[in-house]
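*Asks:*
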Amino acid sequence: MDKLINKLVVTKLKDMIKSIRAAKTMADERAVIAKESAFIRTAIKEETVETRYINVQKLLYIHMLGYPAHFGQIECLKLAASPKYTDKRLGYLGIMLLLDETQETLTLVTNCLQNDMNSSNAFISGLALCTLGNISSPEMSRDLCSDVEKLLGSSNAYIRKKAALCAIRIIKKVPDLVENFMSRAKEMIMERNEASLLTGISLEIEMCRLNPDIVIPELKEQVPILVKHLKNLITTGYNPEYEVGGVTDPFLQIKILRLLRILGAGDPRTSELMNDVLAQVATTTEQSKNVGNAVLYEAVLTIMGIEAEHAVKVMAINILGKFLANTDNNIRYVALTTLTKTYQSSLLSVQDSSTSLQRHRATILACLRDEDTTLRAKALDLSFHLITPSNVFQLTRELIQYLETNPAIGSEARSQLSKKIVEHAARYRVSKCWEILVNARVLQLAGDAGVGGGGGGGLEAVVQNFVKVLSVASEELQVLAARRLYWSVANGDELIWSKEGFLLSMIWACGEYGDMLVDSSFVVDSSVGGDADVGGSEVSVGATSVLVTAPTEINVVDLLEKLAKGHFASESVRGYILSALVKLSARFSDSTALQHINSLIETHKTSISMELQARAVEFSAMSHLDFEIKSGLLERMPVLENAVTEEEIKGTGEQLVSESMRNSTSSLHGAAPKQVAKSSVVNDLLDLSFDVTSPAASSVPVSHQPNLAEIFGLSSNASSKANGDAANLLSDLFSGSPIPSSVSATPDPFAALVNSAALPIASAPSSPKRLLCFEKLKVKIFLVPTRSNEGTIVDVVSIFDNGSQDVLSNLMFQVAVPKSLKLQIHPPSATTIPSGKSATQNLRIENPGKAAVKLRLKIGFTVGRDVVDEIVEFAGL
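Under the UniProt record's numbering, the first residue of the sequence shown is numbered 1, with each subsequent residue one higher.
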C-alpha cells in the first residue's frame, strides 16, 4: 500500500503537518492548505479508493485548523459504509465533525447507522451509537428509537452504556419518546456495572426533567435501590478502578444524589428513606480535596432540596460553614451562594435558618472585607439575612462600613444597598433616634448615587423614609436631626455637597423645622443619640454639643444661598431650596433674614429653568398675602400617609407595608391609571354588575410612598404647569392631599388659596384588625382595613399566609365592589410564596356614602399539585 501511495505522489498526514508547521507566515500556511485541498478534490473526483483514508485524515486536520472541508462529507460516508473497523472509525469521526442535524446529507447516514448498531461487533455498534448520540435529528431519532431501546437490554455492558447515552440525546430531541425508555431505564438501575449504572441514572435524571408528572411517580419506588447503591459506594474499601482523590467513584455518587433530590422533593415519605444515607455521606466524605468537597456540596443541595429531618439540615448548614473557612475562593463562593438560596427558598424555617446562619456570622462578615469582589458581593446579600433584633446594631454598623470602604461599587448597587440598610434598620430598629441617624449616615455616604426619576429607586426610597420617620418623630428628635444635618453641611467640604440625597434631606428639614432649628431656647440634650454607633469613620456621629447648637436665621439663609450658587447644585436641589425659603419666610422673624429670602426668591424669577422661574413668581406673589393666611399655607407638612401605621410595625421584624408598595409602584403618577384600568378588567372577568372608577375620576394617590419632588411641589416635567392653574400648583405645595382645581379661570390666581383652609395633621389610627376572609389548603387570606377621612376612604392590606408545606405559586387576587364604591388595587408584593412566608396586596376603597362595604373576591393560586380558583363574597369590612 505504501508503494502504491508513493506511486500516486500522495502526501501523508504526518508530512502535511510538518509542512504546515514549517510555514513562517499565515500566507505560507494558507498556500500549503490550498495545495493539499486541491489534491484531495482531485482524488475525490477520480474516486481513488486507495487514498480515501489518508485524504479524510488530512481533511479532518484541515477542518480542525478552521479551513473549509465540507467537500469531504461524502467521502466520510463512504468510509463509514466500509466493512473495515478502522475505516468506519474514521468515517464516523468525520461525520460527527463535518455534519450536524441540519445537513441534508445526514439522511444518507440513517441506514448505515441502523446496520452498524445491529452488528455483532460491539465496537462497531458502539461507534454507531456514539455517532447517533452526537448528530441525531428529530427525524432520525424517531426512526432509530426502537433499535436503541433494544440495545438498552443488551447483555454487553459496553453496549448498554452507549445506548443509554444515545437515549438521552433522543429524548432531548423528541420528548414524546420518554415513555418508550421507561422500563429499560428502570432495569438499568439494577446494574452492578458502575459505568452502566452511571449512564442509566443520567438517563432517568433527563427523563424526570422532561416529563416530571409521569416519570417521577414511577421512579420513586426505586429510591431504596438508589440508597443501597450510595451506601455501598461510601462503605466499600479501596477500589483503584473508580477511586478519585480518596473518594470511591465520585461521579456516580453525585449522579445518585441528584436523582434522589429530584425524587424526594416535596415528599416526606420518600425523603425519610434518604435521611440516614445522606447523613452518612455528610459525615464520612473526606473534605481535604476538591473531590470530596464536590460530593459534599451535592449532598448539601440534596438535603436542602428534600423534606429532610431538621438535624440533617443543620448538618448541611454546618458543612457550608466549613466551606466558608476554606482557603479556596471558589469553595467559599459556592458556600455563600448556597446559604443565600437556602434562606431565600425557605428550605429551613425562619427560626432554624436564622439560628444556623448565626453560628457562621463572623465568617460571613469576614468575607465582606475580602479582596475578591465577587465574594464581597455574595457575602453582602447573605448579611441581610443575618439581621435579627439582637444583632441589628452590630450588623448595620458592618454594612455601613462596607458602604464607606467600597466607593468603587456602581451607582445602582450603592442605591439598592442603601435602601436595604434603611429598610432593615426600620424593621429591627433599636430606637427611633438610632433609625434617624442610620438614615442620615447612609445618605451622607451614598447621597451621590442619584435621586429622583419617580421610580421608587433605592436612594430615593431612603430619602422618602427619612422624611416619614421625621414627620412622626418627637419635636426633640426633629430638632436634633435638623441641627445635625445643618451643621454637617455647614462644616463640610465640597464632598458632602456632592451628596444630593443628603442635601435634599437637610434642605427639607430646614424648611419644615426652621423655627425650632434657630430657636436657641429649644435646648436639645447633646447626649441624645450620641452613643448611637452607626458605623463608618464617624463612629459616634455628632456626640459633641456643636451639632445641637442652634444657628441664627441669617446663617441658615446664607447656607441655602451658598448651596444654590454652588456648582454641585442640580435643578432639584435649587427647587428644594426655593421651597424651603418660602416656608422659612413664614417661620423666621429677623427682618434681615426675611429681606434676604425675598431677594433670593426674586433672583430665581430670571432662572433659565421654566419650573424654577414659575415657582419663584408664585412664591414672590405670596409675600403680599396677609401673614396669617401665608402662615396657614406654609404650615408644616401633615403626617405622611401610612407613617403612623408603619411606626407600629417598626422594630417588630415584620416587613413594612410600604416596602411592598414601593416595589410594586413604578411612579406616583404613572401607576394609578394602570391599576384602575386593571380593576375594570377584573370587573369584566368576574362578569359582575359592579362599577369601578375610571382613570379620570380617580383623585386618590396610588403610592403610599410620596415622591419627594411632590412634597416640595417640584416636577421634572415642566409642562405640568399647563395642565393646572396656579391655585392647583400651590395647593399641591402645602397640603397633604390633592385639592380639586377650579374649572373656570379667576383674575387672581391666589384667590382660591386665600379662601382655602389648612389641612389638619392626620391623627393616629386605631390598631387595625386582621379579618379572615378565606382559608383553604392551610392558606389563609386576611384583610386589614384602616379608615381615614371620616370613614369615606378605607385602605385595606390583604395578607396571604402560606401555612402549607409546599410553595404557593401563581397567586391571583382580584376584587370587585358595588357601583356606589370606587376601588384602586395594587399588584401583590409577590406571586410566589414559600412555605411559612406571607405576601401583601394593597387596596383603597372610596366610600363617599359610608355604605356597607361588600367585596366579591376572585382568588386563585397553586399549592403543590392542588389548584384553587374560587369566588368569595365578603362583607366584614
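The beta carbon of each residue, even a glycine, is placed where N, CA and C say it ideally should be.
Return the chain-ordered list of same chain residues with a C-beta closer than 7 Å to the C-beta of L399, the five sequence neighbours on each side being excluded.
*Replies:* Here the question's residue 399 lines up with position 399 in the sequence shown. Once the five neighbours on either side are set aside, the close Cβ partners of L399 are S383 and I421.
*Asks:* Comparing alpha-carbon positions, which option in I95, H70, F71 and P68 lies nearest A81?
*Replies:* On the sequence shown, residue 81 is found 81 positions in, with the first residue counted as 1. Nearest of I95, H70, F71 and P68 to A81, Cα basis: I95.
*Asks:* According to DSSP, simplified to helix, strand and coil, what is K858?
*Replies:* Within the sequence shown, numbered from 1, the residue matching residue 858 stands at position 858. Strand at K858.
*Asks:* Return the bridge partner residues of I62 from the DSSP annotation.
*Replies:* Translated into positions along the sequence shown, residue 62 becomes position 62. BP columns for I62 are empty, so no partner.
*Asks:* Tell me the residue span of the alpha helix (DSSP H) that contains F323.
*Replies:* Here residue 323 refers to the residue found at position 323 of the sequence shown. Its alpha helix (DSSP H) spans residues H310 to L324.
*Asks:* So, is residue 878 buried or exposed, given that buried needs 16 or more other C-beta atoms within 10 angstroms?
*Replies:* Given a span of 1 to 877 for the chain in the structure shown, any question on residue 878 remains unanswerable.
*Asks:* Applying the criterion that 16 or more other CB atoms from any shown protein chain within 10 Å of the CB defines a buried residue, is G849 buried or exposed?
*Replies:* On the sequence shown, position 849 is the one that residue 849 refers to. Exposed, because fewer than 16 other Cβ atoms sit within 10 Å of the Cβ of G849.
*Asks:* What does DSSP give as the partner residue(s) for I825 in the beta ladder?
*Replies:* Here the question's residue 825 lines up with position 825 in the sequence shown. L843.
*Asks:* Rounded to a whole number of angstroms, what is the C-alpha to C-alpha distance between Y343 and L504?
*Replies:* Here the question's residue 343 lines up with position 343 in the sequence shown. Here the question's residue 504 lines up with position 504 in the sequence shown. So the alpha carbons of these two residues sit roughly 36 Å apart.
*Asks:* Compute the Euclidean distance between the alpha carbons of L210 and E423, then round it to the nearest angstrom.
*Replies:* Here residue 210 is taken as the residue at index 210 of the sequence shown, counted from 1. Here residue 423 is taken as the residue at index 423 of the sequence shown, counted from 1. Cα-Cα distance, rounded: 41 Å.
*Asks:* Find out if the Cβ-Cβ distance for the pair F568, E494 is shorter than 8 Å.
*Replies:* Walking along the sequence shown from the start, residue 568 turns up at place 568. Walking along the sequence shown from the start, residue 494 turns up at place 494. Closer than 8 Å, so yes.
*Asks:* Give me the Cα-Cα distance between V617 and E553, rounded to the nearest whole angstrom.
*Replies:* By 1-based counting over the sequence shown, the position of residue 617 is 617. By 1-based counting over the sequence shown, the position of residue 553 is 553. Taken atom to atom, the span from the alpha-carbon of V617 to that of E553 is near 23 Å.
*Asks:* Counting Cβ pairs closer than 8 Å, one from the segment 830-847 and one from the segment 865-873, do we hit at least three?
*Replies:* no
*Asks:* Quick check: is the beta carbon of L273 nearer than 8 Å to any beta carbon in chain D?
*Replies:* No chain D appears in the structure shown, which is made up of a single protein chain.
*Asks:* Can you tell me whether I833 is buried or exposed? The criterion is at least 16 other CB atoms within 10 Å of its CB, across all chains shown.
*Replies:* Looking up residue 833 in the sequence shown gives position 833. I833 is buried by the Cβ-count criterion.
*Asks:* Would you call the CB atoms of A580 and G511 closer than 8 Å?
*Replies:* As a working mapping, residue 580 is identified with position 580 in the sequence shown. As a working mapping, residue 511 is identified with position 511 in the sequence shown. In this structure, G511 lies closer than 8 Å to A580 by Cβ.
*Asks:* Determine which residues share a DSSP beta bridge with I44 and list them.
*Replies:* In the sequence shown, counting from the first residue as 1, residue 44 sits at position 44. Paired residue(s): none; I44 is not in a bridge.
*Asks:* According to DSSP, is Q595 helix, strand or coil?
*Replies:* Numbered from 1 along the sequence shown, position 595 holds the residue referred to as residue 595. The answer is helix: DSSP assigns Q595 an H, G or I state.
*Asks:* Determine which residues share a DSSP beta bridge with N802 and list them.
*Replies:* Counting from 1 along the sequence shown, the entry for residue 802 is found at position 802. Answer is V779, bridged to N802.
*Asks:* Taking its Cβ as the centre, do 16 or more other Cβ atoms sit within 10 Å of H826, making it buried, or is it exposed?
*Replies:* The sequence position of residue 826 within the sequence shown is 826, counting from 1. H826 should be labelled buried.
*Asks:* Report yes or no: do the segment 600-614 and the segment 574-592 share at least 3 C-beta pairs separated by less than 8 Å?
*Replies:* yes
*Asks:* What is the C-beta distance between L320 and A335, in whole angstroms, given that I count them as a contact (C-beta under 8 Å)?
*Replies:* The residue labelled residue 320 in the question sits at position 320 within the sequence shown. The residue labelled residue 335 in the question sits at position 335 within the sequence shown. At roughly 5 Å, the Cβ-Cβ gap stays under 8 Å, so L320 and A335 are in contact.
*Asks:* Report the residue from G860, V863 and V853 whose alpha carbon sits nearest the alpha carbon of L877.
*Replies:* In the sequence shown, counting from the first residue as 1, residue 877 sits at position 877. Comparing Cα-Cα distances from L877 to each of G860, V863 and V853, the minimum goes to V853.
*Asks:* My output table needs one value for Q394: the three-state DSSP class, helix, strand or coil.
*Replies:* Here residue 394 refers to the residue found at position 394 when the sequence shown is read from its first residue. Q394: helix per DSSP, three-state reduction.
*Asks:* For L257 and A379, what's the separation of their Cα atoms in angstroms?
*Replies:* Your numbering for residue 257 matches position 257 in the sequence shown. Your numbering for residue 379 matches position 379 in the sequence shown. If you take the alpha carbons of L257 and A379, they lie about 27 Å apart.
*Asks:* Given E75, which residues of its chain have a CB within under 7 Å of its CB, disregarding the five upstream and five downstream residues?
*Replies:* If you number the sequence shown from 1, residue 75 lands on position 75. Same-chain partners within the cutoff: I44, R52, N55 and V56.
*Asks:* Tell me which residues share the same chain as Y333 and place their Cβ nearer than 7 Å to its Cβ, disregarding the 5 neighbours each side in the sequence.
*Replies:* What you label residue 333 is simply residue 333 of the sequence shown in a count that begins at 1. Contacts found: T374, L375 and K378.
*Asks:* L177 to D147, Cα distance in whole Å?
*Replies:* In the sequence shown, the residue the question calls residue 177 occupies position 177. In the sequence shown, the residue the question calls residue 147 occupies position 147. L177 and D147: Cα-Cα distance of roughly 13 Å.
*Asks:* When the Cα atoms are used, what is the spatial distance from K58 to M16?
*Replies:* Indexing the sequence shown from 1 puts residue 58 at position 58. Indexing the sequence shown from 1 puts residue 16 at position 16. The straight-line gap from Cα to Cα measures roughly 8 Å.
*Asks:* Using the C-alpha atoms, what's the distance from I303 back to Q287?
*Replies:* For the purposes of this step, residue 287 is taken as the residue at position 287 of the sequence shown. For the purposes of this step, residue 303 is taken as the residue at position 303 of the sequence shown. Spanning the two alpha carbons is a distance of roughly 18 Å.
*Asks:* Do the CB positions of A386 and L368 come within less than 8 Å of each other?
*Replies:* To locate residue 386, count along the sequence shown from 1; it is residue 386. To locate residue 368, count along the sequence shown from 1; it is residue 368. The identity of residue 386 in the sequence shown is Leu, whereas the question assumes Ala. Cβ distance not < 8 Å, so L386 and L368 don't count as in contact.
*Asks:* Any idea what DSSP makes of M812, helix, strand or coil?
*Replies:* Residue mapping note: residue 812 aligns to position 812 of the sequence shown, counting from 1. In the structure shown, M812 sits in a strand (DSSP, three-state: E or B).
*Asks:* Quick check on V392: buried or exposed, where buried means 16 or more other Cβ atoms within 10 Å of its Cβ?
*Replies:* In the sequence shown, residue 392 corresponds to position 392, counting from 1. The residue in question, V392, is buried, as its Cβ has 16 or more Cβ neighbours within 10 Å.
*Asks:* If you draw a straight line from the C-alpha of G514 to the C-alpha of F588, how long is it?
*Replies:* The residue labelled residue 514 in the question sits at position 514 within the sequence shown. The residue labelled residue 588 in the question sits at position 588 within the sequence shown. About 8 Å.
*Asks:* Given a cut-off of 8 Å, decide if C145 and I170 are closer than it, judged by their beta-carbon atoms.
*Replies:* In the sequence shown, counting from the first residue as 1, residue 170 sits at position 170. In the sequence shown, counting from the first residue as 1, residue 145 sits at position 145. Result yes, Cβ atoms of I170 and C145 sit closer than 8 Å.
*Asks:* Could you check if R484 is buried or exposed, using at least 16 other CB atoms within 10 Å of its CB as the buried criterion?
*Replies:* For this step, residue 484 is matched to residue 484 along the sequence shown. The residue in question, R484, is buried, as its Cβ has 16 or more Cβ neighbours within 10 Å.
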